[in-house]
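Each remark here refers to the structure printed beneath this line.
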């Protein structure tokens with residue numbers, strides 16, 4: 002029997018167990034199991050737009066607790082991991098990291114090399130060159146993401162890893178959209194939207210960053226010529242179109 006060390010050390014413990022889990026397929030999903038025994042987790046793929054933060058660690062730990070609990074109940078857990086690397090966040094990440102911008106009018110340059118240090122003014126490059134940079138940087142970021150999730154000990158089956166930028170994922174997405182269009186669930190109308198002045202396209206609320214900056218109050222009058230006007234003040238008059246009602250405290254003597 003080996004003698005216990007006087008001063009135990011944890012050096013290398015994490016990596017040793019990560020490799021042991023992988024070598025023994027501890028978290029592998031059994032494709033031959035029955036449908037009734039499967040507990041499937043639709044893992045939300047993190048956006049590949051930089052580095053992970055404590056919020057990722059916090060939220061994916063919740064999912065991992067559920068996966069481990071279901072395994073203890075004897076369920077065959079399908080727990081994959083994907084990377085959302087197809088979209089504006091990836092394009093913005095590449096622009097800022099390399100100091101470039103996509104210009105579809107430019108031809109492909111086979112000898113192009115990304116700047117070692119991003120210049121103050123973005124360098125215009127062709128669309129194929131820009132796509133190559135996207136694929137290169139996402140592979141680097143995704144490797145860092147995977148290494149961190151493995152260090153956390155998440156019980157993911159890493160043989161089921163996918164990317165939203167692959168041809169297969171894009172084909173599935175486009176097919177689903179065409180089905181939505183066929184059923185009338187997708188349609189085109191004119192409506193207010195959030196607009197990216199650089200990419201010249203609509204963006205989602207999730208793509209915005211909150212920034213504090215000096216502004217001004219605007220006085221807006223509500224009412225009619227026969228009634229007393231009700232004055233409100235706001236720093237966002239452009240949102241007036243979304244206002245459907247004014248609500249006040251009935252105990253306020255002003256109203």
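In our numbering, the protein residues as written are 2 to 256. Even glycine gets a Cβ: it sits at the ideal position worked out from N, Cα and C.
Inset, instruction - Please list, in chain order, all residues of the same chain as residue 207 whose beta carbon is under 7 Å from its beta carbon, the five residues on each side excluded. - result: Numbered from its first residue, the chain shown carries residue 207 at position 206. Cβ within range, chain order: n/a, list empty.
Legend entry - Assigned exposure category for residue 130 - 16 Cβ within 10 Å defines buried: Within the chain shown, residue 130 is the residue found at index 129, counting from 1. Residue 130 should be labelled buried.
Legend entry - Entirely enclosed beta strand (DSSP E) segments - the stretch 28-81, minimum 3 residues: The DSSP assignment places 39-41 and 77-79 as complete runs of the beta strand (DSSP E) inside the stretch 28-81, in order along the chain (cut-off: 3 residues).
Inset, instruction - Please report how far the alpha carbon of residue 169 lies from the alpha carbon of residue 28, in whole angstroms. - result: Within the chain shown, residue 169 is the residue found at index 168, counting from 1. Within the chain shown, residue 28 is the residue found at index 27, counting from 1. Between residue 169 and residue 28, the C-alpha separation is close to 25 Å.
Inset, instruction - Assign residue 73 to buried or exposed, taking buried as 16 or more other Cβ atoms, counted over all protein chains shown, within 10 Å of its Cβ. - result: Along the chain shown, read from residue 1 onward, the residue named residue 73 stands at position 72. By the neighbour-count rule (16 or more Cβ atoms within 10 Å), residue 73 is not buried but exposed.
Legend entry - Contact set for residue 48: own chain, Cβ-Cβ below 6 Å, skip 5 residues either direction: Taking the first residue of the chain shown as position 1, residue 48 is located at position 47. Closer than 6 Å at Cβ, skipping near neighbours: 85 and 90.
Inset, instruction - Note down, one range per segment and in chain order, each alpha helix (DSSP H) of at least 4 residues found wholly within the stretch 94-182. - result: 128-153
Legend entry - Neighbourhood of residue 19 by C-beta, 6 Å cutoff - its chain only, sequence neighbours within 5 removed: Position 18 of the chain shown, counting from 1, holds the residue named residue 19. Excluding sequence neighbours, residue 19 sits near 151.
Legend entry - Neighbour-count burial assignment, residue 146, 16 or more Cβ in a 10 Å radius: If you number the chain shown from 1, residue 146 lands on position 145. Burial state of residue 146 is buried, judged by a 10 Å Cβ sphere holding 16 or more other Cβ atoms.
Legend entry - Buried versus exposed call for residue 234 [16 or more other C-beta atoms within 10 Å across all chains shown]: In the chain shown, counting from the first residue as 1, residue 234 sits at position 233. Label assigned to residue 234: exposed.
Inset, instruction - Report back the beta-carbon spacing between residue 163 and residue 88 to the nearest angstrom; my notes put them in contact at under 8 Å. - result: Along the chain shown, read from residue 1 onward, the residue named residue 163 stands at position 162. Along the chain shown, read from residue 1 onward, the residue named residue 88 stands at position 87. Actually they do not touch by this definition, with Cβ atoms about 15 Å apart.
Inset, instruction - Please classify residue 135: is it buried, with 16 or more other beta-carbons within 10 angstroms of its beta-carbon, or exposed? - result: Mapped onto the chain shown, residue 135 falls at position 134. Counting Cβ neighbours within 10 Å, residue 135 comes out buried, since at least 16 surround it.
Inset, instruction - Report the rounded CA-to-CA distance for residue 59 versus residue 189, giving the unit in angstroms. - result: Looking up residue 59 in the chain shown gives position 58. Looking up residue 189 in the chain shown gives position 188. Rounded to the nearest angstrom, the two C-alpha atoms are 38 Å apart.
Inset, instruction - Identify the continuous alpha helix (DSSP H) that holds residue 231 and give its terminal residues. - result: Indexing the chain shown from 1 puts residue 231 at position 230. That residue, residue 231, is in no alpha helix (DSSP H); its beta strand (DSSP E) goes 231-235.
Legend entry - Rounded C-alpha distance that separates residue 127 from residue 191: Your numbering for residue 127 matches position 126 in the chain shown. Your numbering for residue 191 matches position 190 in the chain shown. Approximately 31 Å between the Cα atoms of the pair.
Inset, instruction - For chain D, find out if any of its Cβ atoms is closer than 9 Å to the Cβ of residue 232; answer yes or no. - result: No chain D appears in the structure shown, which is made up of a single protein chain.
Inset, instruction - Quick one: grab the DSSP three-state call for residue 25. - result: The count along the chain shown starts at 1 and reaches residue 25 at position 24. Residue state, collapsed to three classes: coil.
Inset, instruction - Would you mind stating whether residue 194 and residue 187 have Cβ atoms separated by less than 9 Å? - result: For the purposes of this step, residue 194 is taken as residue 193 along the chain shown, with counting starting at 1. For the purposes of this step, residue 187 is taken as residue 186 along the chain shown, with counting starting at 1. No, the pair does not count as a contact, with Cβ atoms beyond the cut-off.
Inset, instruction - Could you say if the stretch 89-103 and the stretch 35-53 meet the contact criterion of at least three C-beta pairs nearer than 8 Å? - result: Counting Cβ pairs under 8 Å, three or more are found: they touch.
Legend entry - Inter-residue CB distance, residue 64 and residue 42 (contact presumed, cutoff 8 Å): As a working note, residue 64 is residue 63 in the chain shown. As a working note, residue 42 is residue 41 in the chain shown. That pair is a contact at about 6 Å.
Inset, instruction - Determine the closest residue to residue 218 out of 205, 228 and 236, with distance taken between C-alpha atoms. - result: On the chain shown, residue 218 is found 217 positions in, with the first residue counted as 1. Residue 236 is the option with its Cα nearest to residue 218.
Inset, instruction - Report back the beta-carbon spacing between residue 71 and residue 40 to the nearest angstrom; my notes put them in contact at under 8 Å. - result: In the chain shown, residue 71 corresponds to position 70, counting from 1. In the chain shown, residue 40 corresponds to position 39, counting from 1. Right, the Cβ-Cβ distance comes to about 4 Å (below 8 Å), so this counts as a contact.
Legend entry - As assigned by DSSP and simplified to three states, the class of residue 220: What you label residue 220 is simply residue 219 of the chain shown in a count that begins at 1. Note: residue 220 maps to strand in three-state DSSP.
Inset, instruction - Give the secondary structure of residue 91 by DSSP, where H, G and I count as helix, E and B as strand, and everything else as coil. - result: Residue mapping note: residue 91 aligns to position 90 of the chain shown, counting from 1. In the structure shown, residue 91 sits in a helix (DSSP, three-state: H, G or I).
Inset, instruction - Apply the 10 Å Cβ neighbour rule to residue 232 and answer buried if 16 or more other Cβ atoms are within range, or exposed otherwise. - result: Walking along the chain shown from the start, residue 232 turns up at place 231. Exposed, by the Cβ-count rule.
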